[in-house]
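First residue of the sequence shown? That's 579 in my numbering, and the numbers climb one at a time after it.
Ideal Cβ placement from N, Cα and C applies to all residues, glycine included.
If you're wondering where the values come from, they're calculated on a predicted model, not measured in any experiment.
Each remark here refers to the structure printed beneath this line.
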Amino acid sequence: GSLSVTYTVTSVVLPVPSLNAGAAVNAASFVAGGNLAPGSIVSLFGSQLANGLFSASSLPLPLSLGGTQVLFGPASTGAAIAGPIPLFYVSPTQINALLPFGAALGSNQMVVLYPGPNGAIFSNAVSVNIAAAAPGIFTDGSGAGIFIKSDNSVVSAANPAGRGRLVTFFATGLGAVTPPVADGAAALGAPNLSIVAVQPAVNIGGVDATVQFAGLAPGFAGLYQINAYVPATISPDASTPVTLRVGLMVSNTVTISPTRSV
């Protein structure tokens with residue numbers, strides 16, 4: 579008799595990381611299609627960007643989380659041969675990373691490396707334009723800025739800022755600082771505060787506010803802190819708009835909770 583042998587061939591489809599069009603956005607404003615600045619916290623969106631959820635647990639920030647890396651470099655050289663950048667967080671659909679302070683102005687590219695079983699798998703490249711500054715103000719997710727009073731309490735409708743009082747809020751994308759800080763490292767505190775090279779203008783309720791300090795927040799990576807006085811002359815409206823401007827670059831608009839006279 580004859581012997582019959584049956585072979586079963588199983589094909590394995592490896593996950594391929596994919597970045598959305600316009601995937602790289604300012605992590606504070608999430609404005610699509612805008613510029614980014616050296617030293618900015620940036621969010622990237624796509625699919626199969628990591629094989630799980632991983633967060634940095636200490637500073638300086640790591641260049642790899644769960645095997646995922648983000649490469650960044652000038653478009654003329656190709657991001658695939660550029661170095662990895664510091665990472666805050668990775669997941670299958672979102673990555674939060676920190677752009678280098680030495681990023682070249684103009685057209686650049688970003689590529690994600692996914693940790694495949696036989697080595698890294700490259701995503702498609704996405705283009706980003708780097709400007710000297712591209713400010714974005716962090717919010718609580720509802721459009722309200724996160725403002726801190728001098729007693730360290732958070733501004734809210736029940737705890738208004740107070741016209742004429744000093745408040746602190748946080749941003750990214752304010753550009754170069756002096757003294758410089760290594761990429762991914764924690765900013766130092768006084769007397770070694772890193773001050774922005776270009777002083778931002780803060781507008782609250784249509785009135786320019788006096789800025790006491792603008793620089794990197796001590797103990798954090800890539801996070802800018804602004805201390806400004808709420809103008810005493812603004813109207814105590816229920817929703818007061820706040821913007822941040824560096825040169826001609828204006829941030830997203832956030833709101834501060836109702837203010838009162840002091």
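Going by alpha carbons, who is nearest to residue i out of the options?
i, options, result
"Ala634", "Ser596, Asn613 and Asn674", "Asn674"
"Gly753", "Val689, Asn805, Asn737 and Phe679", "Phe679"
"Val820", "Ile715, Phe666, Gly751 and Pro814", "Ile715"
"Asp786", "Gln777, Gly645 and Leu794", "Gln777"
"Thr831", "Val620, Gly784, Gly600 and Ser669", "Gly784"
"Leu617", "Ala779, Arg823 and Ala765", "One detail in the question is off: residue 617 reads as Gly in this sequence, not Leu. With distances taken between Cα atoms, Gly617 lies closest to Ala765."
"Val759", "Asn730, Leu801 and Ile782", "Leu801"
"Leu771", "Ala779, Thr833 and Gly797", "Gly797"
"Pro814", "Met827, Ala795, Ile782 and Asn805", "Ile782"
"Phe650", "Ser731, Ser728, Ala736 and Leu683", "Leu683"
"Ala779", "Pro713, Val732, Asn730 and Gly767", "Pro713"
Return the bridge partner residues of residue i from the DSSP annotation.
i, result
"Leu614", "Ile708"
"Thr831", "Note: Thr831 sits in no beta bridge, so no partner."
"Val820", "Ile782 and Val832"
"Thr750", "Gly714"
"Leu643", "Thr646"
"Leu744", "Tyr807"
"Thr671", "For Thr671, which the question treats as bridged, DSSP gives no partner whatsoever."
"Pro662", "Leu649"
"Phe700", "Leu691"
Can the beta-carbon of residue i be found less than 8 Å from the beta-carbon of residue j?
i, j, result
"Ser701", "Pro595", "yes"
"Ile812", "Arg741", "yes"
"Ala899", "Val704", "Lying outside 579 to 840, the shown extent of the chain, residue 899 is not represented and no answer is given."
"Ser720", "Ser835", "no"
"Pro638", "Gly762", "yes"
"Leu676", "Leu643", "no"
"Ser829", "Ser607", "yes"
"Ala806", "Val789", "yes"
Which whole-angstrom value describes the C-beta separation of residue i and residue j, a residue pair presumed to lie in contact below a C-beta threshold of 8 Å?
i, j, result
"Leu614", "Ile708", "6 Å"
"Gly825", "Ala739", "Gly825 to Ala739, Cβ: 26 Å. No contact."
"Ala610", "Val620", "Not a contact, Cβ separation roughly 12 Å."
Closer than 7 Å to a non-hydrogen atom of the ligand ATP - does that hold for the CB of residue i?
i, result
"Thr756", "In terms of ligand content, the structure shown is empty, and the ligand ATP therefore cannot be addressed."
| request: Please determine if the region 621 to 632 and the region 682 to 697 are in contact, where contact requires at least 3 C-beta pairs separated by less than 8 Å. | output: yes
| task | Would you check if the region 745 to 761 and the region 717 to 737 touch, i.e. whether three or more CB-CB distances between them fall below 8 Å? | result | Output reads yes: the region 745 to 761 touches the region 717 to 737.
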